[in-house]
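Okay, so here's the structure we're looking at.
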Amino acid sequence: MNIKDNKININAELELVCFNKEELKNLLVRQRIKFVTKLRNLIVEKQDEIAACITKDTRKPVTESLMQEVTAALGMLKYFESNFPTWLNRRKFRYLRPGFWTKQNTIIMEPLGVIAVIGPSNFPFSLPVMQSVFAFLCGNFVVLKPSEKAKKTNELLKSLFEDAGILPLYLIIIEGNSDVAKKVIESPIINKIIFTGNYENGKQVAELAGKFFKPAILELGGSGPALVCKNSDLELTAKSIAWSAFYSRANSCVGTKQIFIENEVAEKFRILFKREIEKIKSGNPFDKQTGVADLQNSIEIIDMQIEKAIEEINKLPYGLSASVWLKDLSKAKKIAEKIEAGIIWINDASAGIPGFPWGGVKQSGWGRMFSREAVYELTSTKIISAEKQCFTSGKIWRFPYNELKYRLTHEANRFVFGRRNLKSFIGFLKAVLLSFVRK
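Quick note: the sequence shown, position 357, residue 348 per our numbering, numbers continuous.
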């Protein structure tokens, strides 16, 4: 990026974007996938180096960097490669009603153009990779502004995208602080923003995007409340929630930060939970046996009955994820349906799966990523409705209007959209015959 007199100037980069985004339109999905496959293979080859860089930047345990960032990115890329060919297929349909049945309708999903991806500091590798690749496979040029706190990881990101052939043809990386992010968002070539971060920063992004009438996908974190019921495997629950609470240095957007427990088992759970925390090995993040670099995080544990706990969870300002712990799956599913959150796990927590429409509600942001449903977030839907000219004459809705057209429409509505019986059919048939006689 060019910086002159401490003022941000990204015009040179944007000129490159304007040229290459047109080239990208002509790149077939299967051609885009080849680039992604190459990127995935490069990540596999350099996974140890990537994990080490992530740990240098974040101080997360190196084993966790490998599992929660490198493996997560690899799994998501593989999933994209297998599914994108069908996700972007044109869809045809007909509407079998008078006046419409001859029309051939086709739904097409076209790229939005240029997507800005503003990456977080807590997951500096996996999220920028997955978000950028998702946008690229949808046919968009990507302007990636990674976290300025992850310099080592950013160098590797640039190298990997470049070696895969994606950078600079279809993606550029612009490094810098919040001023750079602001410049990127304000740029007239940016069509949509993907931002991951905290609520306050996300609110600023939303305000800035709104000022320039641009849509945004915002993932702004959450409190990951866990609802522990008395009929649950308490030992397994304590072990699982301890991991969810402390992995990623207790800084995961879907990590558990609050635990609601049924009164009857609260005391027993507290003992088990404390025991599990004491088992976690803390120390040097480059030691492959280290679980956390430190244990400074505190978890709020609240005793109450289930229905009251559901109310309290739904009062929380965030709604990204939650978990329900109960042996009875049928009952657990009913509880999960009452909770206001984008992702709800039953007898597990913080487990991201490719295919999830990833995102939340309330102050956790808006929009979805990483699934078939999310394709609509990064494409523009176009409908083409065509029919042969020989079928276009005689459309009843055209001028001139008259009493006969009114009656025919009235009787057609009764027969087609109302209760179909002999009376409505006879009325419709009379109106049709009368229209032919009048002609």
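Virtual Cβ for every residue (Gly too), placed ideally from N, Cα, C. Just so you know, these numbers come straight off a predicted model, no measurement behind them.
Buried or exposed (CB count within 10 angstroms, at least 16 for buried), residue i
i      : result
Arg240 : buried
Cys381 : exposed
Pro119 : buried
Arg85  : exposed
Arg81  : exposed
Asp224 : exposed
Gln95  : exposed
Gly351 : buried
Met58  : exposed
Phe125 : buried
Val35  : exposed
Tyr367 : exposed
Lys183 : buried
Gly212 : buried
Leu420 : exposed
Residue i, enclosing beta strand (DSSP E) - first and last residue
i      : result
Leu364 : Checking the sequence shown, residue 364 turns out to be Glu, not Leu. Premise fails: Glu364 is in no beta strand (DSSP E) and is neither H nor E.
Ala340 : Unbroken run through Ala340: none, as it is neither H nor E.
Thr62  : Where Thr62 is concerned, there is no enclosing beta strand (DSSP E), given that its DSSP letter is neither H nor E.
Lys183 : Lys183 to Thr187
Ile292 : Glu291 to Asp294
Ala207 : Ala207 to Glu210
Bridge-paired residues (DSSP) for residue i
i      : result
Lys83  : Thr97
Ser273 : Val283
Tyr309 : Lys353
Trp316 : Val219
Pro102 : Thr370
Val134 : Ala107 and Ile163
Ile432 : Outside the displayed span of the chain (-8 to 430) sits residue 432, for which this structure offers no information.
Gln249 : Glu291
Ile334 : Ser312
Proximity to residue i [Cα-Cα], best of the options
i      : options                           : result
Met67  : Ser321, Gly90, Ala313 and Met360  : Met360
Arg429 : Thr247, Val27 and Arg398          : Arg398
Asn305 : Ala327, Pro52 and Ser273          : Ala327
Glu364 : Ala377, Pro348 and Glu394         : Pro348
Phe264 : Trp234, Gly188, Gly351 and Lys272 : Trp234
Ser112 : Gln38, Glu166, Gly310 and Glu368  : Glu166
Leu15  : Leu148, Val105, Gly310 and Cys244 : Val105
Thr28  : Ala342, Tyr70 and Glu40           : Tyr70
Phe203 : Leu211, Cys129, Ile181 and Leu19  : Ile181
Gly215 : Leu135, Asn192, Tyr309 and Val134 : Tyr309
Host alpha helix (DSSP H) of residue i (start-end)
i      : result
Ser423 : Inspection of the sequence shows that residue 423 is occupied by Val rather than by Ser. It spans Leu413 to Arg429 - the alpha helix (DSSP H) in which Val423 sits, taken as one unbroken run.
Val20  : Val20 to Glu36
Ala141 : Per DSSP, Ala141 belongs to no alpha helix (DSSP H) and is neither H nor E.
Thr383 : From DSSP, Thr383 is part of no alpha helix (DSSP H); its letter is neither H nor E.
Val124 : Ser117 to Leu128
Tyr392 : Neither: Tyr392 is in no alpha helix (DSSP H) and is coded neither H nor E.
Ile157 : Per DSSP, Ile157 belongs to no alpha helix (DSSP H) and is neither H nor E.
Ile176 : Ser169 to Glu177
Residue i: CB within 6 Å of a non-hydrogen atom of the ligand HEM
i      : result
Ala107 : The ligand HEM is not among the ligands present in this structure, which contains no ligands whatsoever.
Cβ of residue i within 7 Å of any chain B Cβ
i     : result
Arg21 : Among the protein chains of the structure shown there is no chain B, as only one such chain exists.
Exercise. Could you tell me whether the segment 400 to 420 touches the segment 132 to 150, where touching means 3 or more Cβ pairs closer than 8 Å?
Key: With a cut-off of 8 Å, the segment 132 to 150 and the segment 400 to 420 do not count as touching, because too few Cβ pairs lie within range.
Exercise. Kindly confirm or deny that the segment 153 to 169 and the segment 63 to 81 touch, where touching means at least three C-beta pairs closer than 8 Å.
Key: They do not touch, by the three-pair rule.
Quiz item: Taking one C-beta from the segment 293 to 300 and one from the segment 265 to 278 each time, how about it: are there three or more such pairs within less than 8 Å?
Solution: The segment 293 to 300, when compared against the segment 265 to 278, does not touch it at the 8 Å Cβ threshold.
Exercise. Taking 8 Å as the threshold, find out whether the segment 324 to 340 comes into contact with the segment 185 to 202 through three or more Cβ pairs.
Key: The segment 324 to 340 vs the segment 185 to 202: no contact.
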